[in-house]
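Residue numbers (the UniProt record's numbering): 1 to 268. First the structure, in the form of structure tokens, and then the observations on it.
Structure representation (structure tokens):
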């Protein structure tokens, strides 16, 4: 069952400052499998549609919204179902079609010579195992998949455990933060952007804002982020908490190896 979207009916209950933009991060709907990049189950499409109708009520009165999605099939189908729900429930006008946005993509795995998100990496992993290939990313991915197979918490493992071949949570937070800052600072910022994305990204953003991992979001669950043009402080609403998030507008040197190496050389 989908968690409720908190709404007072006429407008989003979270909106508090004039000039803010709102970015609604939505976890994709239930998918058929994580072994490859495929779309949603019938239940997943239904839940994403229902989330769209709920957002139509929560976002009533807004001038327009845009729809973005992570570049995976499950996120794309979620965005399409959200659009149908928003439209059928007479939500705010939607500007254009849902578009893929790599800035809001899932965390990636460096599979030797190519970067793939987990469902895209699975086929490469199987091929590597079948041919007896030995590589660090295969070990990392095997450990991640073992948690998934046991029904524990693979995303939580990624959040806590250094996995050298995986894009780290802090890199995802910087990527999302910069993308949200750019939406806020646009010459003509769109009041609301609804983004279909992935649970690990949501957990990393929420953990950064609240100071703790708050667990796996439900399929279709939302995180609302409010940002103001030119301001570094955003507001993050998730479940029963409201927290401030300092948007990471610049990348620290340790996420830019060439810059970091230069800085270290300058100290020696």
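Positions of the beta carbon are idealized from the N, C-alpha and C atoms, including for glycine.
How many Å lie between residue i and residue j at the Cα?
i           : j           : result
residue 119 : residue 177 : 24 Å
residue 33  : residue 187 : 40 Å
residue 146 : residue 122 : 13 Å
residue 61  : residue 180 : 22 Å
residue 40  : residue 143 : 26 Å
residue 172 : residue 191 : 23 Å
residue 183 : residue 131 : 45 Å
residue 160 : residue 225 : 24 Å
residue 235 : residue 129 : 44 Å
residue 200 : residue 72  : 14 Å
residue 207 : residue 213 : 5 Å
Going by beta-carbon coordinates alone, are residue i and residue j separated by less than 8 Å?
i           : j           : result
residue 52  : residue 81  : yes
residue 65  : residue 95  : yes
residue 170 : residue 141 : no
residue 220 : residue 27  : yes
residue 38  : residue 193 : no
residue 68  : residue 35  : no
With 16 other CB atoms within 10 Å as the buried threshold, where does residue i fall?
i           : result
residue 90  : exposed
residue 248 : buried
residue 78  : buried
residue 277 : Residue 277 is absent from the structure shown; the chain starts at 1 and stops at 268.
residue 257 : exposed
residue 245 : buried
residue 29  : buried
residue 152 : exposed
residue 114 : exposed
With DSSP as the reference, please indicate the residues paired to residue i in a beta bridge.
i           : result
residue 180 : Per DSSP, none; premise fails for residue 180.
residue 234 : 245
residue 100 : 69
residue 222 : 26
residue 115 : 110
residue 87  : Per DSSP, none; premise fails for residue 87.
residue 227 : 21
Taking 8 Å as the CB-CB limit, is residue i close to chain C?
i           : result
residue 227 : Of the protein chains in the structure, only one exists, and it is not chain C.
- Task: Ignoring anything shorter than 4 residues or poking outside the region 136–212, list the alpha helix (DSSP H) runs there in chain order.
- Result: 136–149, 154–160, 169–185 and 199–210
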